[in-house]
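Protein chains in written order, with numbering that gives the first Met the number 0: chain L, 0 to 453; chain R, 0 to 176.
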Amino acid sequence: MTTSEITHYTPDVLVTGAKTLADVNTDIAAPLERFPGKIWWICFGVALGCFGIGAGLATKMFMTGLGVLGLNEPNGWGVFIINFVFWVGIGHAGTLISAILFLFRQKWRTAINRAAEAMTIFAVMTALLFPVIHTGRPWYAVFWLIPYPNQRDLWVNFRSPLIWDVFAVGTYFTISLVFWYIGLVPDLASIRDRAKHKLRKFIYTILSLGWRGSNKNWSHYESAYLLFAGLSTPLVLSVHSVVSFDFAVSSVPGWHTTIFPPYFVAGAIFSGFAMVVTLLVITREVFGLKNYITIGHLEKMNKIIMATGLMVGYAYACEFFIAWYSGSSFEKFAFVNRAFGPYWWAYWIMAVCNVLVPQVFWFKKARTSIPVMFVVALFVNIGMWFERFVIVVTSLHRDFLPSSWRYYVPTLFDWGITLGSFGWFFIWFLLFVRFLPVIAMSEIKGVIKEGGAS
Amino acid sequence: MNSGKNFAGVIGFFDEPRALLEATRQVRDANFARFDSFTPYPVHGMDAAQGIKRSRIPYVTFVAGLCGFLFAFWFQYWTMAVDWPLNVGGKPFNSWPAFVPVMFELTVLVAGLSTLVAMLYFNRLPNVFRRGFDPSITRDRFALLIEPPASEKEATEFLEQIGAKEVRAVYAQGWFE
């Protein structure tokens, strides 16, 4: 390697505190080897409780029927679909960090990619719950969704966006999981080699697949990793595009627009980064990883939040322009109704949280302040949930026939199961921070050495 | 100690990746038939120093991706137009633009899973019966292993001469290759 290549990266930018390679192992792996602290147990208990509420209500829903939800004509879709789109969107930031920033050689991704990818996987797992329980008979759903030779002699309809969705989200989950696991293998080997307890050693020996750090292996490993990044990049852009087709391919005013795929992808990255910031601000504090996940990292993520927030704002404006420019009275009505109809409050929560609030990130002081970014990230998460609420609910509640117009109100079951989905997500995330390294140790080591004088 | 037939090579440890790179070049130039380096993270330039050819995984990925693509088209065509022709909104039975999303997804899925399998196959993983040479390799040390047919004496002397900090013979354990 030439000197000019090395000088691009200074160690104090990516990792502060003059860490050595051995420090990386100690700082990142040690928390996994201690008995979890009080904070962890409290969080885990709360997450478990929330999930319990959701699971209880879902069970009741299966026994009674979907009538317990707020759904009724013309609102065939409600909070469950909103949650599905919300959670799939959250996942996008993880893949953007792990794949797209990797292809662009953004070295700062190394500190955050592991946690963000874990978030992706858990978010997609959460998202997948919703279309399945939305069928009301989840034990049949799997048979309806997968094309396999069956006694009915029927296949799925491949011209339906809902089937594209099954393939898109299924592929996304599988590839994200594999990508994440490949990245974990060298770190799992590190933990295996540190392990003193027999059981821990055994478990991590199995998980690390027998990795020894051989350069012949690294060579194939790096090749595979690059290919996964290359495959995941179009994949992540396709997933939310396909999710948006669920709406855009229908002929409902407010849904039937060509801007949906890029608009959904930008929104997904926007909300996903907000969730990454929320999770990492807490993680770095609780696990003492401030030298690895620095203010510099968080500032870069905040810049992405602002940039994607502006894209989303542009999409909101563009939709209105096209509704007016199209000359279609139904299209015009759908959008005026969205902003000034019965659901005006949802529209303006969305607009304020997603477009107005992130503007504080024009100022470096706001971008580098932990309390400010934490609050903004929460606003963005709320705003993005309402964006999906606005899209799903306002487009449906006043259809072509005024006699069937209605005001959709989610019920206790909708809200309780939504709460349960947060519990489910945090159960997995909390288990992740206990049992797996939250930072890619082998990648951080590469960054330290490249910058350090040796 | 183990008998001679389990002898798996001589390993030398270095503290710095650059020292290892230089040592690896010397081992390669000395024409040892089999050797490998062990590092906590991928060291750039190591493939060239060791004389490793570019990984063949990209070919596997490409062919697998192509198979996924073609299979997805064939399967959708066959189910929608041949086995049970389904009229949806008067569209042609072979409405290929509607098949594109699933074709793309299966391309990525098959290519990705094949990349995983190829990576594991080329790396002879998983092999959990194999032990690491030293716990420090996954932490912060860099090692060079000279494998048979080089003799223990020959390899030890060479590694000491090129500046290894610690040199010792290693023996096969389990499914050690």
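For every residue, glycine included, the Cβ atom is placed at its ideal position computed from N, Cα and C. Remember, predicted model here, so these are calculated numbers, not experimental data.
8 Å Cβ cutoff, residue i in contact with chain R
i: Thr-256 (chain L); result: no
i: Asp-26 (chain L); result: no
i: Glu-442 (chain L); result: yes
i: Gly-419 (chain L); result: no
i: Pro-146 (chain L); result: yes
i: Trp-163 (chain L); result: yes
i: Trp-347 (chain L); result: no
i: Thr-173 (chain L); result: yes
i: Asn-156 (chain L); result: yes
i: Phe-43 (chain L); result: no
i: Asp-192 (chain L); result: yes
i: Thr-94 (chain L); result: no
i: Val-177 (chain L); result: yes
i: Gly-445 (chain L); result: yes
i: Ser-222 (chain L); result: yes
i: Pro-185 (chain L); result: yes
Paired residues, beta bridge with residue i - DSSP
i: Ala-168 (chain R); result: R:Val-9
i: Ala-142 (chain R); result: R:Phe-12, R:Phe-37
i: Asn-71 (chain L); result: L:Asn-74
Interface partners of residue i on chain R, CB under 7 Å
i: His-219 (chain L); result: Ser-54, Ile-56, Met-118, Phe-121, Asn-122
i: Leu-226 (chain L); result: Ile-56, Pro-57, Thr-60, Thr-114
i: Val-241 (chain L); result: Pro-100
i: Leu-230 (chain L); result: Val-107, Ala-110, Gly-111
CB contact below 8 Å: residue i versus chain L
i: Thr-155 (chain R); result: no
i: Asp-46 (chain R); result: yes
i: Tyr-40 (chain R); result: yes
i: Leu-158 (chain R); result: no
i: Gly-8 (chain R); result: no
i: Gly-131 (chain R); result: yes
i: Ile-136 (chain R); result: yes
i: Glu-104 (chain R); result: yes
i: Val-87 (chain R); result: yes
Partner residues on chain R for residue i, Cβ-Cβ distance less than 8 Å
i: Thr-204 (chain L); result: Val-127
i: Ile-181 (chain L); result: Leu-115, Met-118
i: Val-389 (chain L); result: Simply none; closest approach about 25 Å.
i: Ala-188 (chain L); result: Gly-131, Thr-137
Any non-hydrogen atom of the ligand ZN within 7 Å of residue i CB
i: Trp-361 (chain L); result: In the structure shown, the ligand ZN is absent, as is every other ligand, since no ligand is present at all.
Whether residue i touches residue j by CB criterion (8 Å)
i: Arg-397 (chain L); j: Trp-39 (chain L); result: no
i: Tyr-220 (chain L); j: Met-118 (chain R); result: yes
i: Tyr-171 (chain L); j: Leu-234 (chain L); result: yes
i: Ala-142 (chain R); j: Ser-36 (chain R); result: yes
i: Ile-294 (chain L); j: Ala-92 (chain L); result: no
i: Ile-410 (chain L); j: Leu-68 (chain L); result: Sequence inspection shows Thr at residue 410 (chain L); the Ile mentioned does not correspond to that position. In contact: Thr-410 (chain L) and Leu-68 (chain L) (Cβ atoms closer than 8 Å).
i: Pro-16 (chain R); j: Thr-38 (chain R); result: yes
i: Val-311 (chain L); j: Ala-265 (chain L); result: yes
i: Phe-83 (chain L); j: Phe-129 (chain L); result: yes
i: Trp-107 (chain L); j: Leu-13 (chain L); result: yes
i: Ile-111 (chain L); j: Leu-279 (chain L); result: yes
i: Phe-201 (chain L); j: His-239 (chain L); result: no
i: Leu-206 (chain L); j: Arg-138 (chain R); result: no
i: Asp-245 (chain L); j: Leu-161 (chain L); result: yes
i: Val-251 (chain L); j: Leu-395 (chain L); result: yes
i: Phe-31 (chain R); j: Ile-145 (chain R); result: yes
Under 7 Å from the C-beta of residue i: neighbouring residues of chain L
i: Gln-179 (chain R); result: One cannot answer for residue 179 (chain R) here, as it falls past the ends of chain R, which runs 0 to 176.
Collapsed DSSP secondary structure at residue i in the structure displayed
i: Asn-126 (chain R); result: coil
i: Thr-1 (chain L); result: Bear in mind that the predicted position of Thr-1 (chain L) carries a pLDDT of just 42, short of 50, making it too unreliable to give a figure here.
i: Ser-213 (chain L); result: strand
i: Val-107 (chain R); result: helix
i: Ser-113 (chain R); result: helix
i: Leu-297 (chain L); result: helix
i: His-396 (chain L); result: helix
i: Ile-258 (chain L); result: coil
i: Ser-441 (chain L); result: helix
i: Ala-32 (chain R); result: coil
i: Thr-19 (chain L); result: coil
i: Ile-174 (chain L); result: helix
i: Tyr-342 (chain L); result: coil
i: Gln-150 (chain L); result: coil
i: Asp-133 (chain R); result: coil
i: Gly-48 (chain L); result: helix
i: His-43 (chain R); result: coil
Contacts of residue i in chain L (Cβ-Cβ under 8 Å)
i: Phe-37 (chain R); result: Arg-211, Gly-212, Ser-213, Asn-214
i: Trp-82 (chain R); result: Reading off the sequence, residue 82 (chain R) comes out as Asp, not Trp. Those within 8 Å of Asp-82 (chain R) in chain L are Trp-154.
Contacts that residue i makes with chain L (C-beta to C-beta distance below 9 Å)
i: Glu-146 (chain R); result: Chain L residues near Glu-146 (chain R): none, gap ~11 Å exceeds 9 Å.
i: Ser-150 (chain R); result: The contacting residues do not exist; Ser-150 (chain R) stays about 22 Å from chain L at best.
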